[in-house]
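Structure first, commentary second.
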Amino acid sequence: MEKDLLDLTDLTKVEIKDIINLAEDIKENPQKYNSKLKGKTLLMIFEKASLRTRISFEVGMTQLGGHAIYYNVATSPMGKGESIQDTAKTASRYVDLIMARIKHADIIQIAEHSRVPVINAMTDFTHPCQILGDFLTIKEKKGSLEGLKLAFVGDGNNNIVHSLLYGCPLVGIKLAIATPNEYKPQSSVVETARAIGGEITVTTNALEAVKDADIVMADTWVSYYVPQVEKDARLKIFKAYQVTEELFKNAKEDAIFMHCLPAVRGMEMTKEVIDGPQSVVFDQAENRLHIQKAIMLKLVE
Ligand code: CP
Ligand code: NVA
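Position in the sequence shown (from 1) plus 865 gives the number in my numbering.
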């Protein structure tokens, strides 16, 4: 496997399958893996807040027999008194693996200057660990991934959508994105997804996207990297893209509702949808742990 996991385009179809299979085994037999990373250290660099990513990586490393260090950009010299390049060169002399939740341009710099593998723990551009975990959840719920239709409804120009665009073609999921014209995903990412064989629809019509979908996915309308001054305008423009029970009914009868969390009930989806029987959002959250243990093992071993 490549040295780093910066984007899902760093992985082949076979590598994605292998990571998912390994995560399934780790989930079923955690004790088999409890000393696989004994003596190893993960550095976790955070510029933005986190509940799931921070805890699941740290717990994951503990469960593999290793150790994790939380490093907060706000209280570090990184990018201020010390360059990103020097930070990567120095830190990678101590640790065996680095993960970072920072801007995409900065994680590329870290990866370029690090001696050890680097994992994208979410940037302003992509969130590959989330989507790999989501593939594990979809496989558990639906039996397989190939041929399913996933409808994403909401802010199309965000990290979750970009990683879906890179990942879905590699596992055979058809992707329909419903978003206002001004919030379409980056065109280069859509082009890459189509070039690697993805069946991709981008529409302004939420109903058309959700029709006959196996999976309906929503995400926040105000991502971590979006300036708060944009919030009010976004709440107005995305209102037509709220996943309501009425919209969800247009998906297949056995469709599942997914959301990476954090979620705001009454905004990107109603309470009835996220807390309803077809929602799998907490299974998604749990699976971040199992998939990231698999990712760390694949990168360090
Ligand atoms: N889904 C996700 O990455 O959540 P956190 O922001 O809590 O890490
Ligand atoms: N798109 C969201 C994902 C959160 C995990 C954000 O960037 O805030």
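Backbone N, C-alpha and C define an ideal beta-carbon position, used for all residues, glycine too.
- Apart from sequence neighbours up to five positions away, the residues of its chain that approach Y1089 with a beta-carbon distance below 6 angstroms are K913, ordered along the chain.
- Contact between the segment 987-999 and the segment 958-976 is present, with at least three C-beta pairs closer than 8 angstroms.
- For T1066, the enclosing beta strand (DSSP E) starts and ends at 1065-1068.
- Taking the Cα positions, I891 is about 19 angstroms away from L907.
- Under the 10 Å beta carbon count, F1000 is surrounded by 16 or more other beta carbons and is classified as buried.
- For A1041, the pairing in a beta bridge is given by DSSP as A1016, T1066.
- Non-local beta-carbon contacts of P993 in its own chain, meaning distances under 7 angstroms to residues more than five positions away in sequence, involve L870, D872, L873, N985, S1028 in chain order.
- If you look at T1085, you'll find it isn't in any alpha helix (DSSP H); DSSP assigns it neither H nor E.
- Runs of alpha helix (DSSP H) with 4 or more residues, each lying fully within the segment 931-1012, are found at 949-956, 969-978, 993-1007, listed in chain order.
- Nearest in C-alpha terms to N1152, of all of S915, Q995, K945, is Q995.
- Look at M926 here: in three-state DSSP terms it is helix.
- Here the C-alpha atom of Y1048 lies approximately 23 angstroms from the C-alpha atom of A1116.
- For the pair V1081 and L916, the Cα-to-Cα distance works out to about 23 angstroms.
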